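Asker:
Numbering (the working numbering), first residue to last: 2 to 296.
(1) In whole angstroms, give me the CA-to-CA distance for residue 131 and residue 204.
(2) Could you pull out every residue in the same chain whose Cβ sits closer than 7 Å to the Cβ of residue 176, ignoring the five residues on either side in sequence?
(3) Please go through the region 2-35 and give each complete alpha helix (DSSP H) segment of 4 or more residues, from N-terminal end onward.
(4) Taking residue 92 as the reference, give the member of 255, 68 and 110 with the closest Cα.
(5) Can you round the beta-carbon distance between residue 23 and residue 250 to whole angstroms, since I take them to be within the 8 Å contact cut?
(6) Rounding to the nearest angstrom, what Cα-Cα distance links residue 81 and residue 96 in this structure?
(7) Count the other CB atoms, across all protein chains shown, that sit within 10 Å of the CB of residue 219; report buried if there are 16 or more and exposed otherwise.
(8) How should residue 30 be labelled, buried or exposed, when 16 other C-beta atoms within 10 angstroms of its C-beta is the threshold for buried?
(9) Between which two residues does the alpha helix (DSSP H) harbouring residue 155 extend?
(10) Beta carbon of residue 129, beta carbon of residue 263: below 9 Å?
(11) Given residue 19, which residues of its chain have a CB within under 7 Å of its CB, disregarding the five upstream and five downstream residues?
(12) Report the rounded CA-to-CA distance for residue 288 versus residue 160, giving the unit in angstroms.
If you want it as structure tokens, here you go:
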């Protein structure tokens, strides 16, 4: 129950972050929105980092962090651009395709065994993406490709974090991520710089605080509960941003986005379910192999 509550809180936080990014993008360039999101995110996470043990602040993987953060920065800029220029429901629906690319990357780079049923779920997820993006139609745009690029790069980032976490703690990963992200995002922001005015400060601060809060809550939720049980809760973000898009930005929810999102979410749920089953089988096999005779 606690894990479900944390996942719901995380989902709502990410939804508020997306809305705040959209509102900030009305007066600020995407590059600036990304920089301030990282700056305020770093400020929000500082108390956690200051309370961390000194050993957690050291790493032997600095070059890997640079690569991970560079890819993450491009993914963030693509995702923020999509949120600022696409209907919110469409932008968020496409971000849900990330687990599809995580599965592919895990097979390619981690040599994880992916069987026919998960590949079928991946193929179904791709179908959902095509339904939303509609290549060749008048609705197809570069903004849709930006959202898809964010999802693809997000899959690569998930694999990199998994590799980094084999040696470093979560606090270490958070520290070096923000330590790189703030200066990395400042460089492109300087080329389009203008100081935020009035309520824009509130939107960029909200994007940073709720984005970081969502990440922390999501991490703790996954520590307490199973991915297969918690993943469906994250889908609550879609109706939240859809309602916000309708109320504040006069956006309508077209049937292609609804159908495509349903296919992607179903694919994600099945992938999470299969991964949870495989993890339990591995844990059971390891426990049996390690048990003493007669236990």
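The beta carbon of each residue, even a glycine, is placed where N, CA and C say it ideally should be. Owing to the predicted nature of the structure, the values given are computational and were not obtained by experimental measurement.
Answerer: Walking through what the data contain:
(1) 32 Å
(2) 50 and 58
(3) Given a length threshold of 4 residues, each whole run of the alpha helix (DSSP H) inside the region 2-35 is given here in chain order: 3-25.
(4) 255
(5) 7 Å
(6) 11 Å
(7) buried
(8) Buried: at least 16 other Cβ atoms inside 10 Å.
(9) 143-165
(10) Their beta carbons are under 9 Å apart, which means residue 129 touches residue 263 by this criterion.
(11) 84, 89, 93 and 242
(12) Residue confidence for residue 288 is low, a pLDDT of 43 falling below 50, so the modelled location carries little weight; the figure read from the coordinates is stated next. Each residue's alpha carbon lies about 26 Å from the other.
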